[in-house]
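S.K.: Please see the structure below; I have some questions.
Residue numbers (the UniProt record's numbering), protein chains in the order written: chain A, 1 to 1448; chain B, 1 to 235.
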């Protein structure tokens, strides 16, 4: 080192730049500095004669730092975004030089545009997938793997075409290649920092640039401000310490030492910077000298100086290269020698071209660019888009010197974002300059070091002709986003695999190395045994991994065809059959399926079971059940069921036919030789035989479902009754009524009546099929039959268009799994539609037969939804003649009928009760229907009018809305019904009972074919149990049962979710769970509900009400929507009243009959019975009663009629009801008496926490569902509606509804019976004391209760209660909602099963279908917990809309 | 210009809808014949035995054929071709590409005294691309130079105590060779395991010494099912 080392002697004045003038980097970072300079356009001002230190004239930024900063920011803000982007982009690429230079702005985008236009003209397409949709693998793939947009030409690589690779590797390499990623590569400016044509000055300038850059970097890293700050702080401390009275010598010394150290550091830092500055300055001097000696300027640069105002009012100095225009100056006074001119020419003709090499394959070439003379730059400015499946292992740039034969200058690696780390954040762009030098980099670096150390000793490096060095600025970017960015590289994958082995078997690797080193490994040497074992283990592991990875897709699936093919060589019978190619065909072929082994099937079945159980209740229950005992109970049930299901499955496989018939599942009938052989013989002789005539054939029409291709379901919608009317029309009705009193002419009355449109009901029939294979097919004929909507104006035109569309199509239209059809709109409270609606169900393709299994699914159903159709005209713009008609439907109620019932009964007809919400806002029922035409006296009419006023806006729960329907199936399908009542499974009862029972059953069956008679049922374990055993008084859960206990019990039972046995216990016959099992499973059939309710009633009547005159029975019969059902009957023995309770809905229907008695002398002679039934109880869904049982006996209905309204319920009378067993038989069959099978019930405490949890979840779920539905599926019309839930806006209203309205409704439902009010009329009339007591209780509860005493009283009270709730709601609405808005809505109630079902309930109401954007939704949910995890869920859903003219 | 993967996504779906996944299992048919043997230097009759070795993922759909195929005994024509012309028809279902089926070949010689000797062994890998193929399989005959337990005297009972053959007993080996030369009893493999890639035995093959013998010519027609659809190729 010759240079004088920086020692303490050298003071600050030695340097030309004072201490404070050194750049201290507290101004901006380097980039900021440049941008600022660019923004302000400071370099416009050109150097003056007066120079500072012989440099360019200093440019002084006079503003203090903060202001300058602020000003910059403002300017930047004012820019548009695009401008800013452009600026930054350009700036970035320009700045790559490291030295800012003002020049013309050449945008990248213009270039791209031009090139795009060119390439679009000669567009070429590449295909990367073959016709089957597979990636083109192997040979072609690697050529086309990297896709280029039109920007790039493509070189074919012939060498790779012959390259073949093994299949397994190909599969492996291509498995991740599904989605190409885009990689953008921008290439900016190529700048030479050494070129053979460099003059000496050029070389100096290049050095200068390099020095400036280095200096900048160093300056940015300088710690000067930091040291200064700390020094300041230390000084402050010293002053503080001095002021202190204590002895602070030690501390002072410490600080003093620290200060000195810092100062030394600071000085060093400054010295280095100053040195660098002097270097630069020295370089600049040499340049100037060079220029003088040559007499010309060959590089367009000047050294400029900038002063910055620092925070401490000192100045900082910075060097800048400034540009000068050479040509102008040279014209003035310079004469260019010929050699120089030639040199310039050669430089300008120097052409450069870049190649991009990805994975060692040439992918693209840039255009050829000439060098720019004074700057030695080649502006390439190109953007390349590369599509890649995996991250390329290497991206390289090859720089070519373009000659006759191109010459490679250098090949450089380009850095990609995300190369160094794998994270989403690493996908930003990389902006860098790559250095190319052909190994000159080290020389350059060493020269720089020398420059620093050896002061001013310029190294004249003499180069050979063909040496170059320089920079290329580039930018790489993954423009996409997402978690997969940046893409993984193939290398990484293998790398990961390798590391796995290393982790697990680190030892083996070492051994391998050892072996390799020794080069000999004797297996037989016992000392090597361990090593050998380890090595083999490693090999096994590897083969395992590899074999796992090489598995072909779908190979885990067991193909039945291949199983059969295998078995063909074992089983000779199979050789007769042709094994079809497709799996579906085999599955349909019952004979082939028999051959398949049972073991495999069983395995599959277990899997199925597991999957199914997930959907089952168990799983849902398992989440929140805390009680250990209930868990245990559930587990045992589960175990039993699984065992039984496997049994059933086995039996099914054994059986001949492939159908699921329940008979196949069940144990075969084994005749147990109870009676002696001789007796049997005698019996067989004397039993009646069939007559010799030909046997009567029945059910000719019934077809085997396997031969069917289609099934047609037709529903005839006949008539509706008691449809609620719009309450807004009632006032009009009253007006008309008053007018009618004045004018009596017929014409006027008719005209007046025409003005009223009370309601216009319409029925939507929805067929919902769950199977994947079966579709609903709609025929054109059916479409034509469908009446066009008779509406004026534009809608009709729309309808015509629709028809045209259908006709244009081919024969059939596949509609899907779900289909809606509408009846036409009919006005009136009792509308008559008389319309036939057809559905065709079949397979997707018409010739194929379809499986019966697909249809026999209890989830398939038909829904009849009753809507009120409202429409209004709206003037369209200014034109008074044009109107648009908007139509909405409002939900009134619905009935759902499972398809299974229809299949079992073939034909269903009757009055179906419609399930309405408890109230519908703005709707009401009419008490008196025909009052207009009635000829009654005035007082009566006035009374009716009064009642109309009074019952304003109430839907009377007592008045049922019904529709009359008939549904038929064509052709009727033979469905194996319930297992015949005669079969039994021994175990629980004595066989004698069964034998007797079978005899009796056969006898009754001959006489009463349609009646539902049954004596025993299967329990969970698969044993037949005598029905009366199921009934015992059981204590209901601990709810407040002091008042209305009956209603409460009924409500509780009705809340337990209903699930068909075929759903829960698939493949098993109808199972009668006992009450505990039923509660645990939390789901059950008709019979479970009925049995539980009956048990509760018995307990209540015995223990709580203490009434001996009431007896409880379970009724077996047929109901209208449900088919075979069970009801519960409460019978008042003294008064012949009978209450029939529907256990699913909690509704009551009352029947009573009176005996006509004539007294003849002293004797009373009955002349028959008269039924005194309430009119509204005619709508009782139970239409057919077969038998009745209590805990002692079964009573069979032997009356002529089956309908409950015509029947006599005097069960003691054997003329009407025949008991199955007499006392002797009971003693014989049941020596210990008929013992009940269920004991006391165990209930779990209701958990409020869970109910709240469910409530919140459900609320969210429903809202999201409604939003999605309205946005996506609405009416398949591709209309997107945004939905707003303004629960927050109407917070008070929602709170009120949630806390008060829904609570009141729940308590209403829980305590008050809404139907069957006639019960106990007279029976309890005398018991006034009790009445008073109950009234007192009711007053405390603030809920009007107790309707048991008189019909009128209860009726009115319950109505009042409903009315109160509704009025309160309306009042709140007026209070919190703007008057211009109206509300339409209703509360829905159901027991919680899962979220999807709750959504189904709401979807069915069609409230989400309203096609308008300017409505607001209110959706309020509340859950009420009941014992043993039963949840009563209320959803109040409403729509707020701007009030429109209601009349149409 | 839409992205290539978007165009083709629907096609795939459509195919899958049409067929169930079980239909998409890859299958291989190998139909062909053992044509004959060439260049076997004997005047006696030869017959060939073919056993099939395949990986775990390969399911032969006729388990009855698994034991091996044996041709008739054939005497050479003037061109030294032992023509067997023995057909075979194999049907595999493939769940894993590892263990592509190999033919393990064993040539037997029937001499004038009606004695049977295993003459030579060979393995041939069935081709992986569909179409017609002719395979020539070079065979080799073990010579008992190295004393491994695998090689035994002909007609020796397998259950004999292996301890007799000690490693260092070279005299026995010489005797054995002399016997085999004069009695025309070449040594034979006790199992076919060294021919396959079975773990332990395959490794021991390196101890075997052998002389090359004639060639066996096999013709196979390979039919691949569903390979393309499952997006890997046998090429």
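All C-beta atoms, glycine included, are put in the ideal place defined by N, C-alpha and C.
All figures in this text were calculated on a predicted structure; none of them were measured in a lab.
Is the beta carbon of residue 892(A) sitting closer than 8 Å to the one on residue 868(A)?
M.R.: For the purposes of this step, residue 892(A) is taken as residue 892 along the first chain, with counting starting at 1. For the purposes of this step, residue 868(A) is taken as residue 868 along the first chain, with counting starting at 1. Closer than 8 Å, so yes.
S.K.: Taking Cβ positions only, does residue 535(A) come closer than 8 Å to chain B?
M.R.: By 1-based counting over the first chain, the position of residue 535(A) is 535. No, residue 535(A) lies away from the interface with chain B (no Cβ there is under 8 Å from its Cβ).
S.K.: Can you tell me whether residue 222(A) is buried or exposed? The criterion is at least 16 other CB atoms within 10 Å of its CB, across all chains shown.
M.R.: Looking up residue 222(A) in the first chain gives position 222. When all chains shown are included, residue 222(A) counts as buried.
S.K.: CB residue 1102(A) to CB residue 1028(A), shorter than 8 Å?
M.R.: Taking the first chain and counting its residues from 1, one reaches residue 1102(A) at position 1102. Taking the first chain and counting its residues from 1, one reaches residue 1028(A) at position 1028. Against a cut-off of 8 Å, the Cβ pair of residue 1028(A) and residue 1102(A) comes out as no contact.
S.K.: Taking residue 388(A) as the reference, give the member of 715(A), 1372(A) and 363(A) with the closest Cα.
M.R.: Start at 1 with the first residue of the first chain, and residue 388(A) comes out as number 388. The shortest C-alpha separation from residue 388(A) is found at 363(A).
S.K.: Using DSSP with H/G/I as helix, E/B as strand and the rest coil, what is residue 374(A)?
M.R.: In the first chain, residue 374(A) corresponds to position 374, counting from 1. Reduced to three states, the DSSP call for residue 374(A) is coil.
S.K.: Got a sec? Which residues, its chain only, sit under 8 Å from residue 1243(A) by beta carbon, not counting five neighbours each side?
M.R.: Mapped onto the first chain, residue 1243(A) falls at position 1243. Counting only Cβ-Cβ distances below 8 Å, and skipping sequence neighbours, we find 1037, 1038, 1079, 1427 and 1428.
S.K.: Using a C-beta to C-beta distance shorter than 8 Å, which residues of chain A count as neighbours of residue 94(B)?
M.R.: Working through the second chain from its first residue, we reach residue 94(B) at position 94. Correct list: 552 and 555.
S.K.: Which of the residues in the stretch 559-584 of chain A, read from start to end, lie with their CB under 9 Å from any CB of chain B?
M.R.: 559, 560, 561, 562, 565, 566, 568, 569, 570, 581, 582, 583 and 584
S.K.: In whole angstroms, give me the CA-to-CA distance for residue 31(B) and residue 474(A).
M.R.: Along the second chain, read from residue 1 onward, the residue named residue 31(B) stands at position 31. Along the first chain, read from residue 1 onward, the residue named residue 474(A) stands at position 474. When only Cα atoms are considered, residue 31(B) and residue 474(A) end up about 59 Å apart.
S.K.: Please list, in chain order, all residues of the same chain as residue 616(A) whose beta carbon is under 6 Å from its beta carbon, the five residues on each side excluded.
M.R.: Numbered from 1 along the first chain, position 616 holds the residue referred to as residue 616(A). Any reading at residue 616(A) needs caution, since the residue's pLDDT is 45, under 50, leaving its predicted position unreliable; the model's value is listed next. Correct list: empty, nothing qualifies.
S.K.: Return helix, strand or coil for residue 825(A), following the three-state DSSP convention.
M.R.: For this step, residue 825(A) is matched to residue 825 along the first chain. Here residue 825(A) sits in coil by DSSP.
S.K.: Does any CB atom of chain A fall closer than 8 Å to the CB of residue 22(B)?
M.R.: As a first step, residue 22(B) is located in the second chain; it is residue number 22 there, counting from the start. So, interface residue.
S.K.: Tell me the residue span of the alpha helix (DSSP H) that contains residue 94(B).
M.R.: As a working mapping, residue 94(B) is identified with position 94 in the second chain. Here residue 94(B) belongs to no alpha helix (DSSP H); instead the beta strand (DSSP E) covers 81-94.
S.K.: Whether or not the stretch 1430-1439 of chain A and the stretch 1388-1403 of chain A are in contact is what I'm after, with contact meaning three or more pairs of Cβ atoms, one per stretch, closer than 8 Å; do they touch?
M.R.: yes
S.K.: For chain B, check one thing: does any of its Cβ atoms lie closer than 8 Å to the Cβ of residue 673(A)?
M.R.: Working through the first chain from its first residue, we reach residue 673(A) at position 673. Summary for residue 673(A): the model assigns pLDDT 40, below 50, so the residue's position carries little reliability; its value from the coordinates is reported in the next sentence. Closer than 8 Å: no.
S.K.: Throw me the rounded Cβ distance for the residue 301(A) and residue 205(A) pair, which I believe falls under 8 Å.
M.R.: As a first step, residue 301(A) must be located in the first chain, where it is residue number 301. As a first step, residue 205(A) must be located in the first chain, where it is residue number 205. Contact holds; Cβ gap of about 6 Å.
S.K.: For the beta strand (DSSP E) containing residue 133(B), list its first residue and its last residue.
M.R.: Position 133 of the second chain holds residue 133(B). Segment 131-143, the beta strand (DSSP E) holding residue 133(B).
S.K.: Just to confirm the assignment, what range does the alpha helix (DSSP H) spanning residue 225(A) have?
M.R.: To locate residue 225(A), count along the first chain from 1; it is residue 225. Residues 224-243.
S.K.: For residue 136(B), collect the residues of the same chain with a Cβ closer than 6 Å to its Cβ; drop the 5 residues on either side in sequence, then sort them by chain order.
M.R.: Within the second chain, numbered from 1, the residue matching residue 136(B) stands at position 136. Around residue 136(B): 215 and 217.
S.K.: Let me check you understand the geometry: is the CB of residue 1410(A) closer than 7 Å to at least one non-hydrogen atom of the ligand NAP?
M.R.: Ligands are entirely absent from the displayed structure, and the ligand NAP is therefore not among its contents.
S.K.: Report, in whole angstroms, the separation of the C-beta atoms of residue 478(A) and residue 183(A), which I expect to be a contact under 8 Å.
M.R.: On the first chain, position 478 is the one that residue 478(A) refers to. On the first chain, position 183 is the one that residue 183(A) refers to. Confirmed, about 6 Å.
S.K.: Could you tell me the distance, in whole angstroms, from the CA atom of residue 765(A) to the CA atom of residue 1229(A)?
M.R.: Translated into the one-based positions of the first chain, residue 765(A) becomes position 765. Translated into the one-based positions of the first chain, residue 1229(A) becomes position 1229. C-alpha separation (whole angstroms): 51 Å.
S.K.: Between which two residues does the alpha helix (DSSP H) carrying residue 273(A) extend?
M.R.: Translated into positions along the first chain, residue 273(A) becomes position 273. 249-294 is the extent of the alpha helix (DSSP H) around residue 273(A).
S.K.: Quick one: is residue 546(A) near chain B, going by C-beta distance under 8 Å?
M.R.: Mapped onto the first chain, residue 546(A) falls at position 546. Yes, its Cβ sits closer than 8 Å to a Cβ of chain B.
S.K.: Does residue 25(B) get closer than 8 Å to chain A when you measure Cβ to Cβ?
M.R.: Counting from 1 along the second chain, the entry for residue 25(B) is found at position 25. It does: the Cβ of residue 25(B) has a partner Cβ on chain A nearer than 8 Å.
S.K.: Along chain A, which residues have their Cβ under 9 Å away from the Cβ of residue 254(B)?
M.R.: Outside the modelled stretch of chain B, which goes from 1 to 235, sits residue 254(B), for which no answer is possible.
S.K.: List, in order along the chain, the chain A residues whose C-beta lies closer than 9 Å to that of residue 57(B)?
M.R.: The count along the second chain starts at 1 and reaches residue 57(B) at position 57. What residue 57(B) touches in chain A: 547, 550, 551, 552 and 555.
S.K.: Strictly under 8 Å for the Cβ-Cβ distance: is residue 230(B) near chain A by that measure?
M.R.: Reading the second chain from its first residue, position 230 is the one you call residue 230(B). Chain A, which has a Cβ nearer than 8 Å to the Cβ of residue 230(B), makes this yes.
S.K.: Going straight from the alpha carbon of residue 1267(A) to that of residue 1082(A), what length do you get?
M.R.: In the first chain, counting from the first residue as 1, residue 1267(A) sits at position 1267. In the first chain, counting from the first residue as 1, residue 1082(A) sits at position 1082. Roughly 31 Å separates the two Cα atoms.
S.K.: What is the rounded straight-line gap between the Cα of residue 989(A) and the Cα of residue 1023(A)?
M.R.: Within the first chain, residue 989(A) is the residue found at index 989, counting from 1. Within the first chain, residue 1023(A) is the residue found at index 1023, counting from 1. Using only the alpha carbons, I get a separation of about 9 Å.
S.K.: For residue 493(A), would you say it is in contact with chain B, using Cβ-to-Cβ distances shorter than 8 Å as the test?
M.R.: Start at 1 with the first residue of the first chain, and residue 493(A) comes out as number 493. The predicted position of residue 493(A) is uncertain, since its pLDDT is 46 and thus under 50; a value taken from the coordinates is nonetheless stated next. So, not an interface residue.
S.K.: Mapping DSSP to helix, strand and coil, what is residue 1382(A)?
M.R.: Translated into the one-based positions of the first chain, residue 1382(A) becomes position 1382. Three-state result, residue 1382(A): strand.
S.K.: DSSP has residue 29(B) in a bridge; who is on the other side?
M.R.: Numbered from its first residue, the second chain carries residue 29(B) at position 29. Residue pairing for residue 29(B): DSSP places it in a beta bridge opposite 91(B) and 223(B).
S.K.: Specify the secondary structure class of residue 22(B) as computed by DSSP and reduced to three states.
M.R.: The count along the second chain starts at 1 and reaches residue 22(B) at position 22. Residue 22(B) falls in the helix class under three-state DSSP.
S.K.: Please name the residue in 964(A), 1299(A), 379(A) and 349(A) whose C-alpha comes closest to that of residue 718(A).
M.R.: In the first chain, the residue the question calls residue 718(A) occupies position 718. Among 964(A), 1299(A), 379(A) and 349(A), the Cα nearest to that of residue 718(A) is on 964(A).
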